[in-house]
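Down below is the structure, laid out as C-alpha cells.
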Amino acid sequence: MNKTIAVIGSSRRNGNTGKLIDLIAKELSIEVIDLSLKNISPFDYEHKNTNDDFLPLMTHLLKYDNIIFVSPVYWFAMSAQMKVFIDRMSDFLSIEELNDQGRELRNKVGYVVSTSISEQIDESFLNSFTDTFKYLGIRYGGFVHVNCRNGFNADADQNEIDNFIKKLKPCSISDAI
Ligand SMILES: Cc1cc2nc3c(=O)[nH]c(=O)nc-3n(C[C@H](O)[C@H](O)[C@H](O)COP(=O)(O)O)c2cc1C
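Residue numbers in the sequence shown follow my numbering, run continuously in steps of one, and reach 439 at the last position.
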C-alpha cells in the first residue's frame with residue numbers, strides 16, 4: 263500500500279491549491295481527500311459531534327505513514343476547512359478513549375503543500391502547521407509552496423515541486439507495496 267496520503271482544505275477543489283496537489287498526487291499515485299466533502303464540525307468542548315466524519319477520516323489517515331496537509335494561504339493563515347480539521351485533533355487529547363489513537367500520530371511524518379499570491383510561504387502559516395505537528399508528535403517532513411499571483415503555473419517552481427515529490431517517492435519495490 264502507498265505510504266502517503268493528502269488532505270486538502272480549500273474553498274475550491276479545482277483551484278490553485280487543488281491543481282498543485284493533483285500534480286503531486288499524480289506523480290506519487292496517492293489519494294487526495296477533500297475536507298469540503300466531509301462533515302466535520304468545529305471542536306466542541308462537550309464532544310457532541312463525535313459522530314461526524316472526523317473520526318472515520320482520522321482512522322483512514324492513520325493507516326498511512328506520511329500525511330500531506332494541503333491549504334491555500336487565506337489571510338496569512340490556513341483555510342477555514344483545514345483549521346476546523348486541525349482543531350478537532352484536540353478530540354484525541356480531551357477524550358480519554360481516543361488518547362491511544364492520538365498517540366499513533368507520533369509515528370507519522372507531516373508535510374505542507376500551499377499556494378498564495380506571494381513568492382514566499384507566510385511564516386505564520388507554516389509555523390501553525392509545524393508547531394501543531396510538534397505538539398502532536400508528528401515529525402515535520404517539509405513543504406512546497408507555489409506563488410499563484412498570475413494564476414496557477416507550476417513552471418517557475420518546478421524544481422521545488424520535483425524535490426518535494428522525490429522526498430515522498432517510494433524508493434524500492436517493497437516500499438511501494
Ligand atoms: C479569502 C482569501 C484570503 C487570501 N489571503 C491571502 C494572504 O493572506 N496572502 C496571500 O499571499 N494570498 C492570499 N490569498 C490568495 C490565495 O492564497 C491564492 O489565490 C491561492 O492560490 C488560492 O488557492 P485556492 O485556489 O485553492 O483557493 C487569499 C485568497 C482568498 C480567497
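Every residue, glycine too, gets a C-beta built ideally from N, C-alpha and C.
The beta-carbon separation of Cys410 and Ile379, rounded to 6 Å, stays under the 8 Å limit for a contact. Within the same chain, Lys370, Val371, Gly372, Phe395 come within 8 Å of Arg401 by CB-CB distance, once the 5 residues on both sides are set aside. In this structure, the alpha-carbon of Lys345 lies about 24 Å from that of Leu430. His407 is bridged by DSSP to Ser376. Contact between Phe347 and Gly399 fails: their C-beta atoms lie close to 18 Å from each other, not under 8 Å. For Phe338, the Cβ falls inside the 7 Å cut-off from some heavy atom of ligand 1. When the five nearest sequence neighbours on each side are left out, the beta carbons in the same chain lying within less than 7 Å of the beta carbon of Ser390 are those of Ala339, Met340, in order along the chain.
Straight across, the Cα-Cα distance linking Asp349 with Val335 is about 17 Å.
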